[in-house]
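Quick note, the sequences are listed as chains A and B, same order. Mind the numbering: the first sequence is residues 1 to 339 in the working numbering, read in order. Mind the numbering: the second sequence is residues 1001 to 1339 in the working numbering, read in order. Think of the CB as a built atom: it goes at the ideal place given N, C-alpha and C, for glycine as much as any other residue. The next block holds one structure in the form of structure tokens; read it before the comments.
2 protein chains.
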Amino acid sequence: MPHCENFAPIILTGDRPTGPLHLGHYVGTLKNRVAMQRSHRQFVLIADAQGLTDNADNPDRIRRNVIEVCLDYLAVGVDPAYTTICLQSSLSALNELTLFYLNYVTVARLERNPTIKDEIRTRGFGRDIPAGFLCYPVAQAADITAFKATVVPVGDDQVPIIEQTNEIVRRINRQAAREVLPEAKAVVPKIGRLPGIDGERKMSKSQGNAIYLSASRDEIGTAVRRMYTDPGHLRVSDPGKIEGNIVFTYLDAFDPDVDAVADLKASYRHGGLGDIALKQRLEQVLETLIAPIRERRAELARRPDDVIDVLRQGTKTSRFVTQQTLSEVREALGLFILA
Amino acid sequence: MPHCENFAPIILTGDRPTGPLHLGHYVGTLKNRVAMQRSHRQFVLIADAQGLTDNADNPDRIRRNVIEVCLDYLAVGVDPAYTTICLQSSLSALNELTLFYLNYVTVARLERNPTIKDEIRTRGFGRDIPAGFLCYPVAQAADITAFKATVVPVGDDQVPIIEQTNEIVRRINRQAAREVLPEAKAVVPKIGRLPGIDGERKMSKSQGNAIYLSASRDEIGTAVRRMYTDPGHLRVSDPGKIEGNIVFTYLDAFDPDVDAVADLKASYRHGGLGDIALKQRLEQVLETLIAPIRERRAELARRPDDVIDVLRQGTKTSRFVTQQTLSEVREALGLFILA
């Protein structure tokens, strides 16, 4: 990673507040944020402005979920003493950087972005893609660079956005003839994406296949009972398959007793372990994980002003950081500064 | 003009600071600004951020010309006591509005914009058009609406941008179920565009066919001598043509003595009026117009801090106005407001 030697590692990560967070987020990112927050300077951005790029008709959904997402962060142990949680739409420097950067990126380049291509297909936008949606990788470049983030945890599908960011960084540094901004490194988690309870590749609210961090014991039980196992495993005594068996995928992801899971797998393969017993174990594992999160979340939800205070405080800190970067970029590009 | 009844007329106008202003600007807009400033609330925006959309490689050009353009305004009589002169890049609300609005406009709609189509052709951008340039009609919609402008003086080629603005206004008002923003009316000046001294349709720095508001007597003389008249008018006694005769076009635009110009036309048509005498008259007319502008401009240029103060003061006022509009739009759309 060239050009990063002079910068302490800074992490930028975040979520679009389109719904409360679920176990997929926990495995994919939240757990890492808690693990990393003492060894890195970490900013977590609640990306409400980005959420609007494909929810312009329903800003209400975005507004409501800002607090839900913030509650999820605090409940899993993201600690405002170490992690700066902030609200994207309250950081005006991000908008200005986005509009500068749009001058450095061609429309053709944006259209070639594989993330955008995929999402256009998934969301069925066709030629009527909102301009804000086409431009969102540039807005992400503004987010990343405004915090001078050098480490950006992303899903494998988001790697091209970090490449796009670094193209802009190099362009600006070249024009300024010095290192105004650091390049960022995409960090893709080793653990793959957690599938939905129906076995679909992605856990998501819209698919109705998610287990939320606020799930009650009953909701966990219902979800686990719905899980796909091995359709050929009809009797307890039959040998069963592990591959594609979502219950084992979840046990691998969440059961802390790795040896016990290995024994269960052997027994399931051999025959003699029933789905009901297996699911009871998973249900207990998930309840053990979620119960304290659910309780902290409920306790915090009774003090919404304290939660908003966390967000306000983090946003203030982030405003200093991002305005400082904006000033440096404006000066480096030689804009007219009206002191 | 529907939806405007509740708003006092507000004018928004401005220039991209890509070079000092010339007689084309004077005829097309500056003269009107001076005439309108006591009967309207008038904002004049020095559009440096927009200037960057196709000058990202050369921000220096934009920065240098901010003061040049401001000097031109003051020199022609735009009076900061009546007109608020402000700097676009110092008004962060404009960026935020632009990014909101981009969510309401499809890429296909931007590409259909005839102004954009024309300019892509003229500037030779092809598919490598900068994204910022494609989006600039939306940035103009942000400018216009941020000031709640209801009257926008534009060239006939810019009318589609006002239509685009009003589409966004209606979209937001519909979503908010009330009139958050007024629609704007494009006002196209009755006097056509002033051609360059070479007879080209447009006076422009890049064509080298402009007479600047800072032109010396010598520069005026040289420019007038270069002007295209009637190539068939070889001897003084020959009958000459008025149509396409740039000297008469300029006399029509600038000579206050309309009757005298009518007599000159008759005499030129009939034969007996030479190009030299005609050009001497025009030179004197232009010198009479430009001399006081040139002197005021030179005098102001010796006090750059005072000029910057005018810009700073106007920008502060504009910041209040535009932030207020931004707050109203954010509230109307139901964003999360972090007080």
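Original post:
I think L94 (chain A) touches A142 (chain A), with their Cβ atoms under 8 Å apart; what is that distance to the nearest whole Å?
Top reply: 5 Å
**OP:** Kindly indicate which residue of A:D57, A:A146, A:K279, A:I172 has the alpha-carbon position closest to the one of Y228 (chain A).
**Re:** A:K279
Subject >> Residues of its chain near D1118 (chain B), where Cβ-Cβ distance is below 7 Å and the 5 sequence neighbours each way are ignored >> reply: D1157
**OP:** Excluding the 5 residues preceding and the 5 following A75 (chain A) in the sequence, name in chain order all residues of the same chain whose CB lies nearer than 6 Å to its CB.
**Re:** I293, R296, R297
Subject >> For F1133 (chain B) and R1235 (chain B), the rounded distance between their alpha carbons >> reply: 50 Å
Original post:
Comparing alpha-carbon positions, which option in A:D238, A:N245, A:S216 lies nearest D230 (chain A)?
Top reply: A:N245
Subject >> Contact with chain D by E1119 (chain B), beta-carbon distance below 8 Å >> reply: Among the protein chains of the structure shown, namely A and B, there is no chain D.
Original post:
What are the partner residues of L87 (chain A), as DSSP defines its beta bridges?
Top reply: A:I46
Original post:
Rounded to a whole number of angstroms, what is the C-alpha to C-alpha distance between N113 (chain A) and G126 (chain A)?
Top reply: 15 Å
**OP:** Output yes or no for whether 8 Å exceeds the beta carbon distance between I220 (chain A) and N209 (chain A).
**Re:** no
**OP:** Quickly, what does DSSP pair I1010 (chain B) with across the bridge? List them, please.
**Re:** B:R1041
Original post:
Taking 8 Å as the CB-CB limit, is E200 (chain A) close to chain B?
Top reply: no
Original post:
Does the beta carbon of L1333 (chain B) sit closer than 8 Å to a beta carbon anywhere in chain A?
Top reply: yes
**OP:** Please decide whether N6 (chain A) counts as near chain B, where near means a Cβ-Cβ distance under 8 Å.
**Re:** At N6 (chain A), the pLDDT of 49 sits below 50, so the modelled position is not reliable and the matter cannot be decided from this model.
Original post:
Are the beta-carbon atoms belonging to L87 (chain A) and F1100 (chain B) less than 8 Å from one another?
Top reply: no
Subject >> L91 (chain A) beta carbon near the ligand NAP (any heavy atom closer than 7 Å) >> reply: Among the components of this structure there are no ligands whatsoever, and the ligand NAP is therefore not found.
Subject >> Which of helix, strand or coil DSSP assigns to R1109 (chain B) >> reply: helix
Original post:
Of all the CB atoms in chain B, is at least one closer than 8 Å to the CB of A210 (chain A)?
Top reply: no
Original post:
Closest to M1036 (chain B) by CA distance: which of B:G1124, B:R1217, B:I1010 is it?
Top reply: B:I1010
Subject >> Host alpha helix (DSSP H) of A1131 (chain B) (start-end) >> reply: 1131-1134
**OP:** Compare the C-beta of D1143 (chain B) with all C-beta atoms of chain A and state if any pair is closer than 8 Å.
**Re:** no
Original post:
Does DSSP put R1330 (chain B) in a helix, a strand or coil?
Top reply: helix
Subject >> Nonlocal neighbours in the same chain, by C-beta distance under 7 Å from D1252 (chain B), ignoring five residues either side >> reply: V1261
Original post:
So which of A:E68, A:L286, A:T53, A:T325 has the shortest CA-CA distance to L1097 (chain B)?
Top reply: A:T53
**OP:** At 9 Å on the CB atoms, spell out the chain A contacts of S1327 (chain B), in chain order.
**Re:** None at all; the shortest Cβ gap to chain A is about 12 Å.
Subject >> Extent of the continuous beta strand (DSSP E) run through V187 (chain A) >> reply: 185-187
Original post:
So which of A:D275, A:I242, A:I62, A:Y73 has the shortest CA-CA distance to T13 (chain A)?
Top reply: A:Y73
Original post:
From the beta carbon of N95 (chain A), is the nearest beta carbon of chain B less than 8 Å away?
Top reply: yes
Subject >> H1233 (chain B), DSSP secondary structure in three states >> reply: coil
Original post:
By Cβ distance, which residues of its chain are closer than 7 Å to F248 (chain A), with the 5 residues on each side in sequence left out?
Top reply: I242, K265
Subject >> Y82 (chain A) versus A:I62, A:S39, A:L45, A:L71, residue with shortest Cα-Cα distance >> reply: A:S39
Original post:
Quick one: is V66 (chain A) near chain B, going by C-beta distance under 8 Å?
Top reply: yes
**OP:** Step through the CB atoms of chain A and report whether any lies within less than 8 Å of the CB of I1191 (chain B).
**Re:** no
**OP:** Figure out for me which residue from A:N55, A:I85, A:R63, A:V27 has the closest Cα to the Cα of V310 (chain A).
**Re:** A:I85
Original post:
Should D1305 (chain B) be flagged as near chain A, meaning a C-beta pair shorter than 8 Å?
Top reply: no
Original post:
Looking at C-beta atoms only, is the number of pairs between the region 44-53 of chain A and the region 14-25 of chain A that lie closer than 8 Å three or more?
Top reply: yes
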